[in-house]
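Okay, so the sequence shown: first residue is 5 according to my numbering, each after it adds one. Ideal Cβ positions, reconstructed from N, Cα and C, are used throughout, including at glycine. A short write-up of the structure that comes next.
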Amino acid sequence: MRSSPDNQTLLTSLIVTPLIPPVTPSSPETYVGEDGMEHPRASVDQDRDEHDDEHTHHHRAPPPTKWRRGTPVPAVVAVTALSVNGDGTPGREGLRVRAAAANLFTSYVAGSNDTQLGILSTMSAPQPDDGGDEGGQSTSSAGSIILHALRVFPAPSAARGGDQLDSYVPFFAALLFAHLICHSEVCKEAARRIYFQGDDTEPGGAGDPDERASLVGILVGNLMMAQREQAQSVNAGLGPERGLEWSRVMVGYLTALSVWLWESPHTVKEFLSEGSNLQVVRRRSSLARS
5 MRSSPDNQTL LTSLIVTPLI PPVTPSSPET YVGEDGMEHP RASVDQDRDE
55 HDDEHTHHHR APPPTKWRRG TPVPAVVAVT ALSVNGDGTP GREGLRVRAA
105 AANLFTSYVA GSNDTQLGIL STMSAPQPDD GGDEGGQSTS SAGSIILHAL
155 RVFPAPSAAR GGDQLDSYVP FFAALLFAHL ICHSEVCKEA ARRIYFQGDD
205 TEPGGAGDPD ERASLVGILV GNLMMAQREQ AQSVNAGLGP ERGLEWSRVM
255 VGYLTALSVW LWESPHTVKE FLSEGSNLQV VRRRSSLARS
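In structure tokens:
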């Protein structure tokens, strides 16, 4: 795949059908219904015995126990989503899956400016609003998946217990983005044209040019907030694991910024146009040495 135009073209045109895993109950006493909430399994079984006919019409059945086929999507989109968002597999096994997907992505874009520019162009392209499929991939492009993970500051997710932070989302997004712009000033220039209007999470948009935020500024701003969150987690006594999570987030942002700034005078000029940007990076460097 790496530096092979024929194989890269083949992956570009490949369409895959993702498999949706069955919903596993959180405990033998409960099951997760179609509404995403937990319901007592005992109450369902009791109602089924007492009101079998009525239960069919008025109660939700436990979720399916078989794998289902999702909506077909481009293979590049599926690989990108798998690397950035994962497939829900916990622990080291899930990390291996994401790392393997990231390795395939980096091999796919290696040595091909056309492929890199093609994905970068989808970052700022408007996405159709058709609701998406169950996997949330039908309306996404590879570029929009990466950009959204870079733009939106990570926060603990209710789906992960309410207090769990998936630091690998911005980390892998930054890693894939770094490979999109690596060793190519043309690609770095294309990335510099991406901007956000105010607090919008979608790129582009009309409005006051003074309120526009470049992607460089977004990365630096998220880096600054991650530094603050790490300090607050230490003060709150949340434990070393939470501090490591925020360190991983910051490594991702720094990786993207360092690759983008390397041998790119125009990017350096944009970075230095905000005096606070350099202070943020210097603060991170001083903390790392202390």
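For F200, the uninterrupted beta strand (DSSP E) segment begins and ends at Y199 to Q201.
Fewer than three pairs of CB atoms, one per stretch, sit closer than 8 Å, so the stretch 251 to 259 makes no contact with the stretch 187 to 205.
Contact annotation: the stretch 228 to 236 does not touch the stretch 145 to 156, with fewer than three C-beta pairs closer than 8 Å. For A178, the secondary structure class from DSSP, reduced to helix, strand or coil, is helix. Taking the Cα positions, E189 is about 45 Å away from P26. In the assembly as shown, I198 is a buried residue. Its beta-carbon has 16 or more other beta-carbons within 10 Å. Straight through space, the alpha carbons of E97 and L258 are spaced by roughly 26 Å.
DSSP, reduced to helix, strand and coil, places R72 within a strand of the structure shown. Residue burial is scored here from C-beta neighbours: I123 has at least 16 other C-beta atoms within 10 angstroms and is therefore classed as buried. Under the 8 Å Cβ criterion, the stretch 216 to 228 does not count as touching the stretch 236 to 251, having fewer than three qualifying pairs. With respect to A82, V20 sits close: the two C-beta atoms are nearer than 8 Å. In the DSSP annotation of this structure, R6 is not part of any beta strand (DSSP E), being labelled neither H nor E. Excluding the 5 residues flanking it on each side, G92 has same chain C-beta neighbours closer than 8 Å at P25 and G98, in chain order. DSSP lists F200 as the bridge partner or partners of G208.
Residue pairing by DSSP places R216 opposite Q201 in a beta bridge. In its chain, beyond the 5 residues on either side, F275 and L276 have a beta carbon closer than 8 Å to the beta carbon of L282.
Judged by beta-carbon spacing, L180 lies beyond the 8 Å limit of T271, meaning their Cβ atoms are not closer than that value. For the set S145, N226 and L23, the Cα lying nearest the Cα of V285 is the one of N226. Per DSSP, reduced to three states, the secondary structure at V156 is coil, with no helix or strand assignment. Cβ-Cβ distances below 8 Å link V101 to L86, G90, D91 and T93 in the same chain, with the five nearest sequence neighbours on each side left out; the list follows chain order.
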